[in-house]
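Residue numbers (my numbering): 1207 to 1820.
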Amino acid sequence: MTECTRRRVRWAGILAALTLLVTPAPAVAREEPRTPVTVPALADWSPEPGGYTYGPETRLVAATGAARRVAGTLAADLRAAGHGTVPVVGGGARAGDIVIDIRPGRTSLGPEGYELHAGRRLSVTGATEAGAFYGTRTLLQLLAQGDRVPAGRTVDVPRYRERGVGVCACYIHVSLPWLENLVREMAYHKLNQLLLELKVKSDAHPEANTWGYYTKDEIRRLVALGEKYHVEIVPEINSPGHMDPWIENRPDLQLTDADGTRQPSRLDITRPEAFAYYTSLMDEYARVFPARQWHMGADEYMLGSDFAKYPQVLRYARERYGPDATPQDAFVDFVNRVHAHAAAQGRRLRIWNDGLTGANTVPVAAGTTVEHWLDVAVEPSRLIAQGHPLMNAAYALYLVRGGFHTDTEALYDQSWDPRSFEGEKLSSADGITGAKISLWPDNGRGETENEVAVALWPALRHIAQATWGEPRPDATYAGFTARGAAVGHAPGWRDLTRVQVADGTHTFRTSGASFTAAVRRTPDGYVTLRTADGCLEVRGGRLTLNVPLQPGVEVTPGVCDPADTLQRWQPVPAPGGGHRLVNAITRMTVSVTDDGRLAQYPPDQRTPAVWHLT
């Protein structure tokens, strides 16, 4: 090779190297940091390098009494979720710790907002105890997906102050463990208000104690759980309509039509005794419900009838408000008197909207919160203009046993939010307190509690999202349901579908009775009991919402029917061994009568039989 050739080769190599240096390298795809998955979704996550790791050396650091309360609840929930025992300490924080801080000066966070910052340690800061608590719910959801949390910061503040669920346990008894599950799930998803229309067993009015009531101790237990998890439990006794659970044995208080026929579901609002009876119940409830709100219902008073059949109502209205008064004024007068009684107890009144037809000349007392569920003459915008706080409890958000269920997927795809009322969509959220889903037992045997739960959880997550933040954080409903699956259930949530007795043939023995039955688990987590004569069921007696709620009704074999929910039983472990048998629908336990028959009774009326299986 000549010298000239060698120089050309060297220059070619140099040029090739230079070309490699100046030619852009192929682009390497970089994945953008993802916002951590929660329900409700975080709106403003700011990612940072690195991450926080939860481990065996983690401590909860809290300085003040309120912060220590939040930390104590978090420690219990971490343990319940399988994250071990974490100590609550004071003093300085170190890497790996979780710091709970309450700073009243952080007014921009409002009464329920919080800031969460994850780095070498993780901090949750609220202006209030409630705000810090909700920050710990976000943390629990993140840890449900793994022990490492990506580094970053969020400031998370709810859009609406009332985010709720309503349950009518007004006729059909709903088990306490089911309600406790609901409270935990609500708090986990940052819902803060549970309306309970139910009957508390009365000491003042024992004639009203028809099943299914709750004992005062049961209510205290549920209220304590609600206070721990920042869920306000608002009680309701519906009136003056739907009063039959309370006045079926009080004909003297029932509204009587012009033909002399008494209406057991309608309270006679013209009688002073009726108002005294209702307010005495309010006073009794006040001893177990510390909520600063009272719901009186006030819906469907004239359902299936009209005021013209009750001339005494018009006479009452004109005696109080003059010749131009209407029967509707008597109705509003009753609402306003209840409002005044509630206010004297330091409580704010809530009512449903359908009784506000516009036919009244007497205005509803200022400050009464109206829960709007039905499209009637007085529109939501007018109620707000009249100064009433307005909650969206739309019929579209209903779950009815054996009937209509909210179409959560359709609502999500429509980007539904609390401004979308039945009959009117508002352009502003001003005056709207929030929204809630509602569970009604219209066909009480149409579904079991466990079946209702399956439909409830997607709807619950949707209302949590729509009341806290953007109504549609994921492009598709499938994406949103995947978000819910990722965070799972709340710590302490109990799987109520776990059957305590194995499938197979068993002999059930108790004092005074025995039977042999083939036990088979049902898809919703109960059992059927097939004897040689058929499947045990509750049958007979007076029906309420299609359910035999009469104590003492016999438990007898019937033709086995997989669709018959009254043939489903829940074996509940009894203290000291054995099981009690609770009907899945009536929620009464099986007892043995003096002559050896099986019958259903509330557990506080007759000692439940304890069955030993072989």
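Idealized CB from N, CA, C, for every residue including glycine.
Nothing here was measured: the structure is a model prediction, and the numbers come from that model.
Of the residues 1437, 1283, 1487, the one whose Cα lies closest to the Cα of residue 1451 is 1487.
Assignment of residue 1690 by DSSP, reduced to helix, strand and coil, places it in the helix class. Between the C-alpha atoms of residue 1737 and residue 1652 there is a straight-line separation of about 24 Å. In the structure shown, the three-state DSSP call for residue 1255 is strand.
Note that the region 1746 to 1762 does not touch the region 1713 to 1727; fewer than 3 beta-carbon pairs, one per stretch, sit closer than 8 Å. A direct Cα-Cα distance of roughly 17 Å separates residue 1770 from residue 1723.
Only residues of its own chain outside the window of five on either side were considered, and among them 1566, 1568, 1570 have a CB closer than 7 Å to the CB of residue 1538, listed in chain order. Contact annotation: residue 1631 and residue 1371 have beta-carbon atoms that are not nearer than 8 Å.
Checking the DSSP bridge columns, you'll see residue 1720 partnered with 1715.
Per DSSP, the continuous alpha helix (DSSP H) segment holding residue 1542 begins and ends at 1533 to 1550. In the three-state reduction of the DSSP assignment, residue 1469 falls in the strand class, which pools E and B. The DSSP assignment places complete alpha helix (DSSP H) segments of no fewer than 4 residues inside the region 1253 to 1334 at 1271 to 1286, in order along the chain. Straight-line spacing of the CA atoms in residue 1414 and residue 1710 works out to 42 Å.
When the beta-carbon positions are compared, residue 1784 and residue 1816 come within less than 8 Å of each other. The way I'd put it, the region 1453 to 1472 does touch the region 1514 to 1523; three or more beta-carbon pairs between them come closer than 8 Å.
Scanning the region 1615 to 1639 for uninterrupted beta strand (DSSP E) segments of 3 residues or longer gives nothing; none is fully contained. Beta-bridge annotation (DSSP): residue 1362 is paired with 1320.
DSSP, reduced to helix, strand and coil, places residue 1777 within a strand of the structure shown.
A check of alpha carbon separations from residue 1425 across 1443, 1444, 1405, 1292 identifies 1405 as the nearest.
By the Cβ rule, the region 1528 to 1538 does not count as touching the region 1467 to 1474, because fewer than three pairs are nearer than 8 Å.
Across the structure, residue 1791 and residue 1772 are spaced so that their CA atoms are roughly 6 Å apart. Its Cα nearest to that of residue 1765, the residue 1740 stands out among 1550, 1740, 1753. Secondary structure at residue 1441: strand, using DSSP grouped into helix, strand and coil. If you look at residue 1392, you'll find it in the alpha helix (DSSP H) that goes 1382 to 1394. Taking a C-beta distance under 8 Å as the contact criterion, residue 1284 and residue 1278 do not qualify as a contact pair.
The DSSP assignment places complete beta strand (DSSP E) segments of no fewer than 3 residues inside the region 1785 to 1813 at 1785 to 1789, 1795 to 1798, 1804 to 1807, in order along the chain. Here the C-alpha atom of residue 1341 lies approximately 11 Å from the C-alpha atom of residue 1315.
According to the DSSP assignment, residue 1520 belongs to the alpha helix (DSSP H) that extends over 1517 to 1527. The secondary-structure analysis by DSSP pairs residue 1420 across a beta bridge with 1406.
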